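See structure below.
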Amino acid sequence: MPTTPELIHGYILAGLECTHLEVDGDGQHFQAVIVSPAFAGKRPIQRHQLVYAALGDRMREEIHALSMKTLTPEEYQG
């Protein structure tokens, strides 16, 4: 079964509290806007690690490329 933006959306939601989540992509390359209170006080690399943890082994096996914009709810409200 090919990986879809909807599958990735579900994987992230299952492992990370999100107040807003958008995932787009073509089956090979995906882009995500992830807004989570868990990102508060964390550097960008730490935020990405939280998303990678939510995705688990899927990052190596199913998802070839994922570009992320990770924001706290306050940053997203801007």
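Using numbering that gives the first Met the number 0, you'd call the opening residue of the sequence shown number 0 and step up by one each time. Using N, Cα and C, we set each Cβ at its ideal position, and we do this for glycine too. Computed from a prediction, not measured in an experiment: that's the story for all the values here.
Between the region 43-55 and the region 21-30 there are fewer than three C-beta pairs closer than 8 Å, too few to call the two in contact.
Pairing Leu54 with Ile7 gives a Cβ-Cβ distance under 9 Å.
Going by DSSP, Gln30 is part of the beta strand (DSSP E) stretching over His28 to Val34.
Spatial neighbours of Ser66 in its own chain (CB-CB distance under 8 Å, excluding positions within 5 residues in sequence) are listed in chain order as His28, Phe29, Gln30 and Ala31.
DSSP places Met67 in the strand class (E or B) of the three-state scheme.
Here the alpha carbon of Pro72 sits roughly 25 Å from the alpha carbon of Ala64. Taking a C-beta distance under 9 Å as the contact criterion, Glu61 and Thr18 do not qualify as a contact pair. If you ignore the 5 residues before and after Ile11, its C-beta comes within less than 8 Å of the C-beta of Cys17, Leu20, Val22, Ala31, Ile33, Val50, Ala53 and Leu54, all in its own chain and listed in chain order.
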